[in-house]
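Residues 1366 to 2188 in our numbering are what the sequence shown spells out, letter by letter. By construction, the Cβ of each residue, glycine as well, lies at the ideal position given by its N, Cα and C atoms. Computed from a predicted model, the values in this text were never measured in an experiment.
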Amino acid sequence: MIEQSIRDLKEAIFSEKGLNPDLLIHLAPYLTEPLLSRAISIAYAVSDPYQRALILLALAESAHLSDARKKALVDAAHEAEHEITSQPERIKVLKRILLLTTSQDRILVQAELVQEENWEADLKGRPSISSKDLEKWDLMLKGVSNSVDDFKGGGWTHYSPKAEQKRHPPPKTRKDEADVFESVASKDDGIGMSLPEQIASMSEEERRNLFRVALTRLQIRTVNTGFAPSQHADNPLDPQTPLKPGQTYCFWLDIGRPTLKSIETAPATIPDYVPPKARLVVAIFPFDGEIEITEGADVGELELQDDGTARVLHQPDPSMRAVSDVDILNRRLLFPVKSPAQEGTFRLRCNIYYEQILIQSRLIRAIVANHGLQKEGALSSEVDYTLSHTLWANHLRGFAPHRLSILLNSNGDGTHTLSFFGAKEQEPIFKNSAVIPATELKNLTENARKALWKASWGEEKPWKEGEGQTYRYLDRFSDENLSLKRLEEDLISLARRGYLLYDAIIGKFIKTHSKTNELARLMLNPGMVQIAIRDSPTQILPAALIYDYPLDTKAGSYKLCEAFSAALQSNSPLDKAPCFNGLCPHSKRDEMGNPDGYVCPSGFWGFRHILGFPTSVPDESASEIVMDDGPHMVVCVATNLDRLDGHMRALREIRTDISWHYSDKRLEIINNLKSPKSHLIYFYCHGGISTNNIPYLQVGDGTGNDFIDGSNLNAFNIEWIEPKPLVFINGCHTTALDPEMAINLVADFVRSGSAGVIGTETTIFEPLACSFAEACLGHFLKDKSSIGDAIRMARLKLLKEYNPLGLVYTPFVLPDLHVKDKS
């Protein structure tokens, strides 16, 4: 197909008349991954239920989908059918659904069709629907018979087409949509060609390109971005136009339907879980020496509207008036920026937050050149972190507001950027970023983890089987003072390393002193914190180990907080103690402005805050796991663990209605993982890294090759749609499986549809694994606490028992994830 004809199709797609869904329906059979998954995500968000249903059904016919995903698409199309107001359109959708259903579902759809076509009056007096009638409906719905008159002899004696038309007049034709492609067929190369024929004549790449364009046109709530001259902010630059060196521009962002001047490489939408009237905060962050931002004009605010657009509540620069169309100021955020003085390719980061939760992050790239010649991709915006593309609102309760969000990025030049954004009640927004050399961050992270190693097995070197490294917290001393002394020594060691990590980050802040104080005020009281993880990160920030109370790391001696010591020996849980609620007497400097020489465990983020490390995923995430009849647990174990039997009994006693699917055999475990009703998948086993650096879990008796790795999930077609289970990996005596290696296994579980994964910072021992899991899952399953709160409560329970090692657990999940009994 020639370029002119393809361009005509693209222009028709973006016309004011709208998009004919037939284009996507005819393109659907040609789709493969990753476009197929993206199409499914966007199809769910199509506002017109008729279009949504037809596109979902076309996608459900793909040969590249599992049966479970096909059924989910058909079920969603059936739900959309119930929203359609036009009866002929409902009937058309039902007929398509019928061809994709079987058994009982098929009979129900056939019965619904009878009711829709108002034949129910003719069924009076019939005791039941005969198999002969069902066969006739099959023939009719498969197109063998297109005339209702064919069925008069079969018992539909009172049917009258004229009466039917009078009762249900035909809908207004969708001529405005059908006309969109009318002009295309008249082109020289397309005379007499139908739309399917035109599509069939394209190359595979042409079809994929056209599909990308067509799919975006259906999107509402689409984020559009771009650049414009600072004096003509309502006249966006073409995406192929480079910026001039040393010039001022507006970086702009709006939300609605896709626009042709947008620089988005793959237009993404604001997810469904963000409700209409929600306020979204958009913030831009600079890279050192690249596109400059204007301090004080780097944050804007939008309000989502019912029609999928957004209204500006706060312009980044309220003085901005460089527009001839004043309506632009009501729907588009305009950020003043300046290009570098030299030529090259430069960057900017743009983040969108909802309730202080990072939901999307974009990397903006711009070529800066003197010549001004157009170049493909001169201006571009790529979403490199998204909390979710699609969340089904009726399965969510919404997210609790967060205190702080942190995004850690590798800059590709040997440095990392940490982007901070937070707010509390009526206080000003906190926004800053820190650029830190990758080697420095890696060393600080490793040193913090070494303090965990020393607390756990007494040495600052990795645990290895057979080297005599034993668990230091196996038992409490009979002398309470000895237990307290051991705890104090380890808390001091951990606090030193945790404060060095904290200081290195805040030391890189812009306007260091004032911003450090702002962050300290923001984080003093307990709150939810999101540490956003991009795909395949090279570094995981051990946020639980961050210690932010002022500390002289070179002091010769320290004292343990007396308020904490009193709470430790009281009968009250630690989460009620003043120290863990923003009232520690040693959270600030002394009267002279110096550290006061005390250490308190409430200074650790992992003890004071509710943390979550949600990964960037291409499909749905969840913040709620709905249970029909109690928790369904898939339990996967290694049998050579000493505490196995007692631990299993303790877990089963958490709730009396737990449905238990237990196995220690690899293939049986894999089969259990396929269960579509799992709410929690629990591994109590070993783990490690293969010679090819692939993380694995080891089940069974430890003598064979009972290994499970991430590739098995895809090979055995393991996919969770609804509910999305939480995966808890309690890998005892696991060698060399640090978070940077384990994240690949975490990502595989998330891609298979899990709600998230709980892992560990370092090697753990059975006593810790059992105590932590029993406390955490008790809060999560029985008390229905969020997983972030359940992890914090389990950490504090261990701390109450003079053990600080609850800090080793890392939740790669939304901290607000919780279970809910359907009843």
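{"query": "Quick check on the DSSP output: the beta strand (DSSP E) that includes asparagine 2077 runs from which residue to which?", "result": "Element bounds for asparagine 2077: not the beta strand (DSSP E) but the alpha helix (DSSP H), 2075–2080."}
{"query": "Rounding to the nearest angstrom, what Cα-Cα distance links lysine 2089 and threonine 2125 in this structure?", "result": "21 Å"}
{"query": "Name the residue from Gly1779, Gly1995, Ala1428 whose alpha carbon lies nearest to the alpha carbon of leucine 1465.", "result": "Ala1428"}
{"query": "Inspect the beta-carbon positions of leucine 1669 and alanine 1675 and report whether they are closer than 7 Å.", "result": "yes"}
{"query": "Spatial neighbours of asparagine 2077 within its chain, please: C-beta separation below 7 Å, excluding the five flanking residues on both sides.", "result": "Ile2035"}
{"query": "How many whole angstroms separate the CB atoms of phenylalanine 1650 and arginine 1714, which I take to be in contact at a CB cut-off of 8 Å?", "result": "4 Å"}
{"query": "Do you know how far the Cα of threonine 1780 is from the Cα of phenylalanine 2177?", "result": "23 Å"}
{"query": "Can you tell me whether DSSP reads tyrosine 2174 as helix, strand or coil?", "result": "strand"}
{"query": "Helix, strand or coil for leucine 1438? Go by DSSP, reduced to three states.", "result": "helix"}
{"query": "Beta-carbon within less than 6 Å of serine 1548's beta-carbon, same chain only, minus the 5 sequence neighbours each way: which residues are those?", "result": "For serine 1548, the predicted model reports a pLDDT of 37, less than 50, meaning its position is unreliable; a value from the coordinates is still stated below. Contacts found: none."}
{"query": "For the alpha helix (DSSP H) that contains serine 1848, what are its first and last residues?", "result": "1845–1871"}
{"query": "For serine 1770, which of helix, strand or coil comes out of DSSP?", "result": "strand"}
{"query": "Check whether the segment 1591–1599 touches the segment 1683–1691, taking contact to mean three or more Cβ pairs, one atom from each stretch, closer than 8 Å.", "result": "yes"}
{"query": "Tell me whether alanine 1909 sits in a helix, a strand or coil according to DSSP, three-state version.", "result": "helix"}
{"query": "Among the candidates Glu1562, Thr2068, Ile1794, His1997, whose CA atom is the shortest distance from the CA of aspartate 2186?", "result": "His1997"}
{"query": "Only counting runs of 4 or more residues, tell me where the alpha helix (DSSP H) segments fall wholly within the segment 2017–2102, in order along the chain.", "result": "2031–2038, 2075–2080"}
{"query": "Identify whether methionine 1998 lies in helix, strand or coil by the three-state DSSP scheme.", "result": "strand"}
{"query": "Buried or exposed, going by whether 16 or more other CB atoms sit within 10 Å of the CB of glycine 1709?", "result": "exposed"}
{"query": "Tell me, please, whether the segment 2046–2058 touches the segment 2017–2025 by the rule of three or more beta-carbon pairs shorter than 8 Å.", "result": "no"}
{"query": "May I have a chain-ordered list of the beta strand (DSSP E) segments no shorter than 3 residues that lie completely inside the segment 1670–1698?", "result": "1675–1679"}
{"query": "Could you say if the segment 1813–1828 and the segment 1854–1861 meet the contact criterion of at least three C-beta pairs nearer than 8 Å?", "result": "yes"}
{"query": "Verify whether the separation of the beta carbon atoms of alanine 2060 and alanine 2107 is less than 7 Å.", "result": "For the sequence presented, residue 2060 should be read as proline rather than alanine. Yes."}
{"query": "To the nearest whole angstrom, what separates the beta carbons of alanine 1731 and phenylalanine 1700, a pair I think is in contact under 8 Å?", "result": "At roughly 13 Å, the Cβ-Cβ gap does not stay under 8 Å, so alanine 1731 and phenylalanine 1700 are not in contact."}
{"query": "Would you call the segment 1399–1418 and the segment 1437–1450 in contact, with 3 or more CB pairs under 8 Å?", "result": "yes"}
{"query": "Are the segment 1919–1936 and the segment 1946–1964 touching, with three or more C-beta to C-beta distances below 8 Å?", "result": "yes"}
{"query": "Mapping DSSP to helix, strand and coil, what is methionine 2013?", "result": "helix"}
{"query": "Mind reading off the beta-carbon distance from proline 1979 to leucine 2133? Whole number of angstroms is fine, and I expect it under 8 Å.", "result": "About 25 Å; that fails the 8 Å criterion."}
{"query": "Per DSSP, which one or two residues make a beta bridge with tyrosine 1409?", "result": "Beta-bridge pairing links tyrosine 1409 to no other residue."}
{"query": "Isoleucine 2193: which of Asn1774, Ala1931, Asp1778 sits nearest, CA to CA?", "result": "Beyond the ends of the chain as shown, which are 1366 and 2188, falls residue 2193; an answer cannot be given."}
{"query": "One question on the structure: do arginine 2189 and tyrosine 2167 come within less than 7 Å of each other, judged by their Cβ atoms?", "result": "What the structure shows of the chain is the stretch from 1366 to 2188, and residue 2189 is not part of that stretch, so it cannot be assessed."}
{"query": "Using only alpha-carbon positions, find the residue among Lys1953, Phe1786, Trp1970 that is nearest to glycine 1665.", "result": "Phe1786"}
{"query": "Considering Cα atoms alone, identify which of Leu2006, Thr1659, Asp2029, Asp1994 is closest to aspartate 2022.", "result": "Asp1994"}
{"query": "Just curious, the beta strand (DSSP E) that arginine 1714 is in, first and last residue?", "result": "1709–1719"}
{"query": "Considering only C-alpha positions, which residue in the set Trp1818, Ala1799, Gly1892, Leu1847 is nearest to lysine 1880?", "result": "Ala1799"}
{"query": "DSSP state of cysteine 1944, grouped into three classes?", "result": "helix"}
{"query": "So, under 8 Å CB-CB, aspartate 1940 and methionine 2158 are touching, yes? Tell me the CB distance rounded to an integer number of Å.", "result": "6 Å"}
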